[in-house]
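For the sequence shown, this note's numbering begins at 15 and goes up steadily by one.
Ideal placement from N, C-alpha and C gives every residue a C-beta, glycine not left out.
Nothing here was measured: the structure is a model prediction, and the numbers come from that model.
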Amino acid sequence: MKRYLDRVAEFMNSNPKFTLRIEGHSDNFGSLEDNFNISHSRSKEVVGYLVQKGINQSRLISTAYGSLRPISTNDTPAGRQKNMRVELTLISGK
Numbered sequence: 015m016k017r018y019l020d021r022v023a024e025f026m027n028s029n030p031k032f033t034l035r036i037e038g039h040s041d042n043f044g045s046l047e048d049n050f051n052i053s054h055s056r057s058k059e060v061v062g063y064l065v066q067k068g069i070n071q072s073r074l075i076s077t078a079y080g081s082l083r084p085i086s087t088n089d090t091p092a093g094r095q096k097n098m099r100v101e102l103t104l105i106s107g108k
């Protein structure tokens, strides 16, 4: 994952007009509050890493969704693993 984030940081450093939305997600095990906190921690960890790589925090938008936006079933270990994720979306600046 760090190799991927290093590439993201390189792109962001070379393209200062872009903003990055960082969305943390979780599976549905545990309470809604716990899952929100886990997803929040995931997104904040990515923000912290990118800031260490020289990205201004004002260009990073961190959001946590907990278990509210699954991309797979939570009925299997493989599905839960897919739901425990961080999604990055580039936002073009003008």
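LEU19 and ILE105 have their C-alpha atoms some 16 Å from each other.
Pairing PHE25 with THR90, the inter-Cα distance amounts to about 35 Å. Residue pairing by DSSP puts THR77 in a beta bridge opposite GLU37.
Using a Cβ distance threshold of 9 Å, ILE85 and LEU34 do not count as a contacting pair.
Between THR87 and the set SER28, PHE32, ARG17, SER40, the nearest pair of CA atoms involves SER40. In summary, SER76 is buried, with 16 or more beta-carbon neighbours lying within 10 Å of its beta-carbon over all protein chains present.
If you ignore the 5 residues before and after ASN42, its C-beta comes within less than 6 Å of the C-beta of SER81, ASN88, all in its own chain and listed in chain order.
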